[in-house]
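Per this note's numbering, the very first residue in the sequence shown carries number 3; after that it's consecutive.
Quick reminder that beta carbons are idealized off the backbone N, C-alpha and C, glycines included.
Okay, so here's the structure we're looking at.
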Amino acid sequence: PQRIFSGIQPSGGLTLGNYLGALKRFAVAQDEGTDTVYCMVDLHAITVWQDPDKLRHATRELAAGFIASGIDPARSILFNQSQVPAHTELAWIFNCVARMGWLRRMTQFKDKAGKHAEEASVGLFAYPNLMAADIMAYHATHVPVGEDQKQHLELTRDIAIKFNHDYGVDFFPVVEPVIEGAATRVMSLRDGTKKMSKSDPSDQSRINLTDDADAIASKIRKARTDPEPLPETLEGLADRPEARNLVNIYAALADMSPEGVIAEFGGQGFGVFKPALADLAVSKLSPISAEMSRLMQDVAEIDRILGQGADRANAIAEPILAQTREIVGLIRSR
Ligand code: AQP
3 PQRIFSGIQP SGGLTLGNYL GALKRFAVAQ DEGTDTVYCM VDLHAITVWQ
53 DPDKLRHATR ELAAGFIASG IDPARSILFN QSQVPAHTEL AWIFNCVARM
103 GWLRRMTQFK DKAGKHAEEA SVGLFAYPNL MAADIMAYHA THVPVGEDQK
153 QHLELTRDIA IKFNHDYGVD FFPVVEPVIE GAATRVMSLR DGTKKMSKSD
203 PSDQSRINLT DDADAIASKI RKARTDPEPL PETLEGLADR PEARNLVNIY
253 AALADMSPEG VIAEFGGQGF GVFKPALADL AVSKLSPISA EMSRLMQDVA
303 EIDRILGQGA DRANAIAEPI LAQTREIVGL IRSR
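See the structure below:
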C-alpha cells in the first residue's frame, strides 16, 4: 500500500515556493485518498540556530499554513517531529548506516554551510539521516518534494538499501521521490538562477503566504525580468530564467501547463503579464493568508491538533521502531 510522507521546516515563514512545491501538492494527494503523513520538522529547523520563541511561533504558523492550504487534520496525520521520539532514535541508527562520504556529497550542506563547514553544526551535516528516519519511521513509499530535495531522497534510498543488505532483511521500503508539476523549483524574484527560499535575506526575493494583496502585487511588479515580450513558444524561454519562472508560477497557480500560459500570453509584454499574474496570485493566496491569521488566533487549538496528530503518528512509528531494534539486536526489557 502507498503511504505519502513529507515535511516542511519551521525555519521562517512559508513562501510561494513551499506552497507550490509542497503544500498544494500535499492537499491533492490527501484528496486523492492516499494515506498521508505530514510533519513540521522542528528538529531539522534547529540544525541552524533558531530563537526559541520564534521557533514556537513558526511551528504553529506552519501548522496553520498546512490547514489553510487544504490539509485536513482528520484525513491526514499532521504533527510536529519532536513530539514523536521514533524520529531521533531511528536517525541515530541511520547515522550508523550512512557513510561519511555519502553525506559529504550533499549539495544542500555545502550551500548552507558555505565556506564555514568547520563551524556548521553536526546536525546540519547529519540532516539527511534524520530526513531518512522521518520517512522510514512510517514505511512511507512516496515523498512529494521540490527539486531541491532530490539528492536527499536518493540518500534515503541508499540508507534503506544498505540497512536491508547489512541486516539481511527486506524491511525498509525504497522510496520514490514525487517531483512533478510546473513549480517543483520556484525561483527567487530577484535572481532567476536561485531558488525562492524562506531564509533569503531579501524579502523582495519571495512571496510569503502571509503577504497582503498589496505586497504580493508590488513584489510581482518589481520582479526582475528582461525587456523582451513573452515568446510565442516554450522553447523561447530557454535562456530567460526570470521569464520562465513567472510563467511556471502562473501555470502552477492556475492549474495550467506552461504551454497553455504561453498560448495565452505569448507576444505580450510584462506590462500585461505581470498584472495578470499579480491578480491570479492575490486571488489564490489571499484566502490562505486570511485563514492562517484566523487559525493563529487560537494557538491552543493548533497545539491540540498537533498533539492528536503526534498520537496517531506514534501509533504507526513505534511498532516500526520496535521491529528495527529487534533487527539491530537492541534488547528491550519488558
Ligand atoms: N523554491 C521552491 N520551489 C519549489 N519547492 C520548494 N520547496 C522549498 N523551496 C521551494 C519545497 O518545500 C518543502 C519544504 O522545504 P523546507 O522548508 O523543509 O526546506 P527548504 O527546501 O530548505 O526550504 P526553504 O524555503 O529554502 O527553507 P530554508 O530557507 O530554511 O532552507 C520541500 O518539499 C521543498 O522541496
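- Between I73 and Y21, the C-beta gap is not smaller than 8 Å, which leaves the two residues out of contact.
- Remark: the C-beta of L22 is in contact range of ligand 1, defined as less than 7 Å to any heavy atom.
- Taking 7 Å as the cut-off, the C-beta of Q52 does not count as close to any heavy atom of ligand 1.
- A Cβ-Cβ contact shorter than 8 Å links T195 with P243.
- At a cut-off of 4 residues, the continuous stretches assigned as alpha helix (DSSP H) that sit fully inside the stretch 140-225 are 152-169, 215-224.
- Taking the Cβ of T227 as the reference point, every heavy atom of ligand 1 lies at 7 Å or farther away.
- Within 10 angstroms of the beta-carbon of V124 lie fewer than 16 other beta-carbons, which makes it exposed.
- Your pair I290 and L80 does not check out as a contact, with CB atoms roughly 16 Å apart and the cut at 8 Å.
- F272 is the residue among Q85, F272, A217, R314 whose C-alpha sits nearest the C-alpha of R226.
- Contact between L236 and F275 does not hold, since the beta-carbon distance rounds to 15 Å and is not under 8 Å.
- Beta-bridge annotation (DSSP): Y40 is paired with S8, L80.
- Of the candidates N247, A119, E182, the residue whose Cα lies closest to the Cα of R192 is N247.
- Assignment of T227 by DSSP, reduced to helix, strand and coil, places it in the coil class.
- The Cβ atoms of A142 and R5 lie closer than 8 Å to each other.
- Secondary structure at T61: helix, using DSSP grouped into helix, strand and coil.
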